[in-house]
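J.: In the UniProt record's numbering, the protein residues as written are 1 to 421. Before we start, here is the structure in question, set down as structure tokens.
Laid out in structure tokens, this is it:
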């Protein structure tokens with residue numbers, strides 16, 4: 001509500017903090033007539049700044065802050081240049097930090113923590129990552145690519161698909177992976193509709209596969225297959241295969257499987273077959289190796305693989321903190337960043353939501369009637385613990401509300417008038 005300066009002047013007479021400011025040596029107290037009262041203020045800055053009693057302070061802050069929702073420092077400058085009270089900087093900073101509209105609409109600082117290393121199993125084909133690429137430009141009747149990569153050997157498969165139905169994905173997994181390399185112990189995927197379906201869950205249950213799902217909008221958790229996607233797209237793009245990608249895909253896979261890795265200088269083909277695969281136009285000396293030599297070489301490859309297992313990351317990486325910010329660890333309420341496409345001028349965060357459980361890299365949040373795991377990289381703390389928890393945004397199509405239409409029956413035509421006598 002607008003500030004009532006006459007009521008403010010009356011409240012100055014009974015506010016103890018305001019009466020103490022009247023005797024302050026750092027202020028130049030002057031008075032302005034407000035009706036039959038006098039409004040006390042400070043003129044030391046060349047501008048008359050009223051002394052504000054306790055009960056008017058938050059309202060004055062809201063009137064000035066809600067104009068454009070400035071930050072903490074700008075809010076302090078705006079309020080302090082127009083009003084005076086004891087502890088103004090502290091109060092304005094706290095109120096600006098607790099503004100729900102600012103928290104919902106501004107990104108102050110993203111939460112960034114170092115990813116936890118995922119153990120690489122020693123047994124090949126025991127842990128695989130799966131995902132989908134597309135929709136792509138139609139090519140030979142296909143629009144999608146189903147990708148699979150083994151976490152240990154890095155052997156990859158990329159199978160063109162016409163649709164992404166859960167039944168088709170399960171069939172591709174059985175046909176192109178399980179039939180060749182056996183049943184994996186663990187499958188990691190994102191939360192695509194295919195991988196959260198009842199059919200996919202039934203396949204995993206039948207084959208005794210542990211299905212791990214990543215948190216939403218957190219591709220780092222499925223980094224193995226995400227890096228494969230980048231390499232596939234880069235190679236197809238470089239070949240100019242925007243339309244012919246389905247026919248170019250086998251040759252691209254041949255090249256990727258023949259590329260030595262940085263950590264052990266072995267290609268996925270060598271880790272699978274024990275020897276490099278032959279590429280087009282390669283000179284072959286025609287020297288055969290004995291069975292003993294092949295077994296010895298294969299053992300050396302597996303031994304080198306075991307030695308290289310602790311090397312989870314290669315190359316230069318940006319140093320990220322290993323622990324979460326203290327504010328995020330202590331906060332009972334958190335905001336969730338909206339990732340993906342956000343329409344212009346729409347809030348950038350949802351929430352706040354109450355924290356049910358805290359993990360090393362994800363929190364379990366109460367979102368209405370359900371609980372969901374969210375990556376800590378999408379969270380920021382809510383400073384005001386008294387804020388009520390929000391209900392999740394409604395998703396999907398709006399409800400189909402049938403509009404009732406009433407048709408009025410036309411009146412019967414009037415009978416013709418009798419002729420005059």
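We put the CB at the ideal spot given by N, CA and C, even for glycine. Keep in mind the model is a prediction, meaning the values are calculated, not measured.
Can you list, in chain order, the stretches of the alpha helix (DSSP H) that have 4 or more residues and sit fully within the stretch 161-246?
T.: The stretch 161-246 contains these whole alpha helix (DSSP H) runs: 166-173, 198-206, 223-238.
J.: Which of the three DSSP states is assigned to residue 39 in this structure?
T.: To locate residue 39, count along the chain shown from 1; it is residue 39. Three-state result, residue 39: strand.
J.: Would you check if the stretch 152-159 and the stretch 183-197 touch, i.e. whether three or more CB-CB distances between them fall below 8 Å?
T.: No, they do not touch.
J.: Is the distance from the Cβ of residue 49 to the Cβ of residue 92 below 8 Å?
T.: Translated into positions along the chain shown, residue 49 becomes position 49. Translated into positions along the chain shown, residue 92 becomes position 92. No; because the gap between Cβ atoms is not below 8 Å, this pair is not in contact.
J.: Within 10 Å of its beta-carbon, does residue 349 have 16 or more other beta-carbons around it, so buried, or fewer, so exposed?
T.: Locating residue 349 in the chain shown gives position 349, where the first residue counts as 1. Answer is buried; the Cβ neighbour count reaches 16.
J.: Any idea what DSSP makes of residue 60, helix, strand or coil?
T.: Stepping through the chain shown from its first residue, residue 60 is reached at position 60. DSSP places residue 60 in helix when its eight states are reduced to three.
J.: Return the CA-CA distance between residue 325 and residue 73, expressed in angstroms with no decimal places.
T.: Locating residue 325 in the chain shown gives position 325, counting from the first residue. Locating residue 73 in the chain shown gives position 73, counting from the first residue. Cα to Cα, residue 325 sits roughly 22 Å from residue 73.
J.: How is residue 72 classed by DSSP in three states: helix, strand or coil?
T.: For the purposes of this step, residue 72 is taken as the residue at position 72 of the chain shown. Of the three classes helix, strand and coil, the one that applies to residue 72 here is helix, per DSSP.
J.: Quickly, what does DSSP pair residue 143 with across the bridge? List them, please.
T.: As a position in the chain shown, residue 143 is number 143, starting the count at 1. Bridge partners of residue 143: none, in fact.
J.: For the alpha helix (DSSP H) containing residue 5, name the first residue and the last one.
T.: Counted from its first residue, the chain shown places residue 5 at position 5. It spans 5-12 - the alpha helix (DSSP H) in which residue 5 sits, taken as one unbroken run.
J.: Could you give the residue range of the alpha helix (DSSP H) that holds residue 94?
T.: Within the chain shown, the letter at position 94 stands for residue 94. Element bounds for residue 94: 88-97.
J.: Provide the residue(s) that pair with residue 32 in DSSP beta bridges, ordered along the chain.
T.: Residue 32 sits at position 32 when you count from the first residue of the chain shown. Note: residue 32 sits in a beta bridge opposite 39.
J.: Which residue from 250, 132, 271, 23 puts its Cα closest to that of residue 260?
T.: Here residue 260 refers to the residue found at position 260 when the chain shown is read from its first residue. Cα-wise, what sits closest to residue 260 is 271.
J.: List the residues that DSSP assigns as beta-bridge partners of residue 353.
T.: One-based indexing of the chain shown puts residue 353 at position 353. Beta-bridge pairing links residue 353 to 334.
J.: Rounded to a whole number of angstroms, what is the C-alpha to C-alpha distance between residue 99 and residue 246?
T.: Mapped onto the chain shown, residue 99 falls at position 99. Mapped onto the chain shown, residue 246 falls at position 246. Rounded to whole angstroms, residue 99 to residue 246 spans 52 Å at the Cα level.
J.: Candidates 208, 189, 170, 13: which alpha carbon is nearest residue 149's?
T.: As a working note, residue 149 is residue 149 in the chain shown. For residue 149, the nearest C-alpha among the options comes from 189.
J.: For residue 136, which three-state DSSP category applies?
T.: Within the chain shown, the letter at position 136 stands for residue 136. Correct three-state label for residue 136: coil.
J.: What does the alpha-carbon distance come out to for the pair residue 15 and residue 41?
T.: Sequence index remark: in the chain shown, residue 15 carries index 15 (1-based). Sequence index remark: in the chain shown, residue 41 carries index 41 (1-based). Between residue 15 and residue 41, the C-alpha separation is close to 14 Å.
J.: By the DSSP assignment, the beta strand (DSSP E) with residue 375 in it spans what residues?
T.: Here residue 375 is taken as the residue at index 375 of the chain shown, counted from 1. Its beta strand (DSSP E) spans residues 370-375.
J.: Could you please give me the residues that DSSP links to residue 79 through a beta bridge?
T.: Within the chain shown, numbered from 1, the residue matching residue 79 stands at position 79. The partner list for residue 79 (beta bridge, DSSP) is empty, contrary to what the question assumes.
J.: DSSP three-state call for residue 312: helix, strand or coil?
T.: Within the chain shown, residue 312 is the residue found at index 312, counting from 1. Residue placement at residue 312 is flagged as unreliable, the pLDDT there being 45, under the threshold of 50; a coordinate-derived value is accordingly withheld.
J.: Considering only C-alpha positions, which residue in the set 68, 227, 78 is nearest to residue 147?
T.: Within the chain shown, the letter at position 147 stands for residue 147. The candidate whose alpha carbon is nearest that of residue 147 is 227.
J.: Would you call the stretch 369-389 in contact with the stretch 333-350, where contact means no fewer than 3 C-beta pairs closer than 8 Å?
T.: Touching, yes.
J.: List the endpoints of the continuous alpha helix (DSSP H) containing residue 343.
T.: One-based indexing of the chain shown puts residue 343 at position 343. Element bounds for residue 343: n/a, residue is neither H nor E.
J.: At which residues does the alpha helix (DSSP H) containing residue 325 begin and terminate?
T.: Stepping through the chain shown from its first residue, residue 325 is reached at position 325. Looking at the DSSP string, residue 325 is not in any alpha helix (DSSP H), and its letter there is neither H nor E.
J.: In the DSSP assignment, find the unbroken beta strand (DSSP E) run with residue 364 in it and report its ends.
T.: Here residue 364 refers to the residue found at position 364 when the chain shown is read from its first residue. 362-367 is the extent of the beta strand (DSSP E) around residue 364.
J.: Taking Cβ positions, are residue 21 and residue 13 nearer each other than 8 Å?
T.: Working through the chain shown from its first residue, we reach residue 21 at position 21. Working through the chain shown from its first residue, we reach residue 13 at position 13. Contact: no.
J.: Work out the CA separation of residue 94 and residue 132 for me, nearest whole Å.
T.: Here residue 132 refers to the residue found at position 132 of the chain shown. Here residue 94 refers to the residue found at position 94 of the chain shown. Taking the straight line from one Cα to the other gives about 46 Å.
J.: Per DSSP, what are the beta-bridge partners of residue 277 in this structure?
T.: On the chain shown, residue 277 is found 277 positions in, with the first residue counted as 1. DSSP lists no partner for residue 277.
J.: Buried or exposed: residue 422, going by 16 or more other Cβ atoms within 10 Å of its Cβ?
T.: The question about residue 422 has no answer here: the residues shown for the chain are numbered 1 through 421.
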